[in-house]
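Q:
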Amino acid sequence: MCVVSNGPVSKMQHSLGKLGMLHHFPDLLFSGYDIQRWKPDPALMLHAANAMKVNVEKCILVDDSSAGAQSGIAAGMEVFYFCADPHNKPIDHPNVTTFTDLAQLPGLWKARGWEITR
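Residues 1 to 118, numbered by the UniProt record's numbering, are exactly what the sequence shown covers, in order.
Shown next as structure tokens:
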């Protein structure tokens with residue numbers, strides 16, 4: 001599991017630190033600034049998958065932005081699009097599952113037969 005963001009690594013570290021989650025991602029923060037490419041360009045997702053040595057077909061992207069979801073689609077990933085902002089529109093694509101409440105995510109994964117692990 002990793003975090004991929006258009007923002008700088010320092011912002012990810014700050015946000016995850018405030019949530020008490022930074023220790024889960026010691027060297028697993030990937031920023032558009034690392035490669036000078038940003039979502040919706042799939043290069044950032046492909047960079048993260050390559051760094052983690054995971055085929056994109058095995059990757060699952062959870063994102064709350066249309067640009068992020070489009071990036072995952074273009075990279076060939078399964079996308080879970082958290083579309084809680086009424087200004088964002090759902091994305092109709094076979095690789096995209098749209099949801100509006102984070103509490104739905106575990107059930108969506110379990111419905112596919114996936115186990116939730118760290």
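Here a beta-carbon is modelled for each residue, glycine too, at the ideal position from N, C-alpha and C.
What first and last residue would you give for the alpha helix (DSSP H) that runs through S10?
A: On the sequence shown, residue 10 is found 10 positions in, with the first residue counted as 1. It spans V9 to K18 - the alpha helix (DSSP H) in which S10 sits, taken as one unbroken run.
Q: Just verifying my parser: in three-state terms, what is the DSSP assignment at E115?
A: If you number the sequence shown from 1, residue 115 lands on position 115. In this structure, E115 counts as coil in the three-state DSSP scheme.
Q: Quick check on R29: does DSSP put it in helix, strand or coil?
A: For the purposes of this step, residue 29 is taken as the residue at position 29 of the sequence shown. Position check: residue 29 holds Leu in this sequence, whereas Arg was assumed. In the structure shown, L29 sits in a strand (DSSP, three-state: E or B).
Q: Hey, would you say V9 sits closer than 7 Å to S31, going by beta carbons?
A: Translated into the one-based positions of the sequence shown, residue 9 becomes position 9. Translated into the one-based positions of the sequence shown, residue 31 becomes position 31. Result yes, Cβ atoms of V9 and S31 sit closer than 7 Å.
Q: If you reduce the DSSP assignment to three classes, tell me which class V56 lands in.
A: Along the sequence shown, one-based indexing puts residue 56 at 56. Helix, per DSSP.
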